[in-house]
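Trainee: Could you have a look at this structure, given as structure tokens, before my questions?
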Amino acid sequence: MIERFERPPGLGPVNGYSHAVAGAGRLVAVSGQLPVDADGSIVDSSDGLAQARQVFANLGTALRAAGAAPRDLLRLTYFLTDLADLGAVRTARDEFLAGGPLPASSLVQVAGLVLPGARVEIDALAITQA
Numbered sequence: 003m004i005e006r007f008e009r010p011p012g013l014g015p016v017n018g019y020s021h022a023v024a025g026a027g028r029l030v031a032v033s034g035q036l037p038v039d040a041d042g043s044i045v046d047s048s049d050g051l052a053q054a055r056q057v058f059a060n061l062g063t064a065l066r067a068a069g070a071a072p073r074d075l076l077r078l079t080y081f082l083t084d085l086a087d088l089g090a091v092r093t094a095r096d097e098f099l100a101g102g103p104l105p106a107s108s109l110v111q112v113a114g115l116v117l118p119g120a121r122v123e124i125d126a127l128a129i130t131q132a
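Here it is as structure tokens:
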């Protein structure tokens with residue numbers, strides 16, 4: 003069971019995340035996913051939305067491999083090289099979650115990522131019912 007506390011009394015409004023999420027079950031940790039295809043080639047470095055969609059596709063693949071789904075997400079951590087990409091990341095996130103429950107999340111702006119040309123990386127925690 004996962005319990006979400008989107009906006010507890012005394013905390014400000016949110017945009018696409020929950021302030022807190024709690025659950026019991028099998029914990030699934032997903033390493034940071036980058037905007038690369040199955041061959042390891044980076045997706046168009048000039049297109050933040052294409053990169054974000056690829057990252058979420060990779061995240062979905064990793065979750066499925068562990069027996070989890072987007073609805074099982076507890077937390078997402080976003081790493082962006084340019085905060086101007088936040089709108090694109092939110093669009094891709096909303097497509098990925100498809101109106102489902104909102105995980106807790108954090109956003110960090112970074113000077114760079116491990117792959118030159120990568121604009122976004124996302125890691126995750128999920129919990130499934132064992």
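Residues 3 to 132 in the working numbering are what the sequence shown spells out, letter by letter.
Positions of the beta carbon are idealized from the N, C-alpha and C atoms, including for glycine.
For Gln-56, list the residues DSSP reports as bridge partners.
Mentor: Residue numbering aside, residue 56 sits at position 54 when the sequence shown is read from its first letter. BP columns for Gln-56 are empty, so no partner.
Trainee: Excluding the five sequence neighbours on either side, which residues of its own chain have a C-beta within less than 7 Å of the C-beta of Pro-134, listed in chain order?
Mentor: Given a span of 3 to 132 for the chain in the structure shown, any question on residue 134 remains unanswerable.
Trainee: Alpha carbon to alpha carbon, what distance is there between Gly-12 and Val-30?
Mentor: For the purposes of this step, residue 30 is taken as the residue at position 28 of the sequence shown. For the purposes of this step, residue 12 is taken as the residue at position 10 of the sequence shown. Roughly 30 Å between the two C-alpha positions.
Trainee: For Ala-113, is the classification buried or exposed, using 16 other Cβ atoms within 10 angstroms of its Cβ as the cut-off for buried?
Mentor: As a position in the sequence shown, residue 113 is number 111, starting the count at 1. Label assigned to Ala-113: exposed.
Trainee: Please return the same chain residues whose Cβ sits closer than 6 Å to the Cβ of Thr-79, not counting the five positions on each side in sequence.
Mentor: What you label residue 79 is simply residue 77 of the sequence shown in a count that begins at 1. Once the five neighbours on either side are set aside, the close Cβ partners of Thr-79 are Ser-108 and Asp-125.
Trainee: Within the region 56-115, note down every full beta strand (DSSP E) run reaching 3 residues or more, in order along the chain.
Mentor: Entirely contained in the region 56-115, the beta strand (DSSP E) runs reaching 3 residues are, in chain order, 75-82 and 106-111.
Trainee: Helix or strand or just coil, what does DSSP make of Gln-25?
Mentor: The residue you call residue 25 lines up with position 23 of the sequence shown. Looking at the sequence itself, residue 25 is Gly, so the reference to Gln does not match. It is a strand residue.
Trainee: Would you call the CB atoms of Gly-69 and Phe-98 closer than 8 Å?
Mentor: Residue numbering aside, residue 69 sits at position 67 when the sequence shown is read from its first letter. Residue numbering aside, residue 98 sits at position 96 when the sequence shown is read from its first letter. Cβ distance not < 8 Å, so Gly-69 and Phe-98 don't count as in contact.
Trainee: Within 10 angstroms of its Cβ, does Gln-131 collect 16 or more other Cβ (buried), or is it exposed?
Mentor: Here residue 131 refers to the residue found at position 129 when the sequence shown is read from its first residue. Label assigned to Gln-131: exposed.
Trainee: State the CB to CB distance for the pair Asp-2 and Gly-50, rounded to an integer number of angstroms; the pair is presumed to be in contact (CB under 8 Å).
Mentor: What is shown of the chain runs 3 to 132, which leaves residue 2 out entirely.
Trainee: Under a Cβ-count criterion, where at least 16 other Cβ atoms within 10 Å of its own Cβ denotes burial, should Asn-17 be classed as buried or exposed?
Mentor: Looking up residue 17 in the sequence shown gives position 15. With fewer than 16 Cβ atoms within 10 Å of its Cβ, Asn-17 is classed as exposed.
Trainee: Taking the alpha-carbon positions, what's the Pro-72 to Arg-92 distance?
Mentor: The residue given as residue 72 occupies position 70 in the sequence shown. The residue given as residue 92 occupies position 90 in the sequence shown. So the alpha carbons of these two residues sit roughly 15 Å apart.
Trainee: Quick one: Cα of Pro-94 to Cα of Ile-4, how far?
Mentor: For the purposes of this step, residue 94 is taken as residue 92 along the sequence shown, with counting starting at 1. For the purposes of this step, residue 4 is taken as residue 2 along the sequence shown, with counting starting at 1. In the sequence as presented, Pro is not what sits at residue 94; that position holds Ala. Near 23 Å, if we compare the C-alpha coordinates of Ile-4 and Ala-94.
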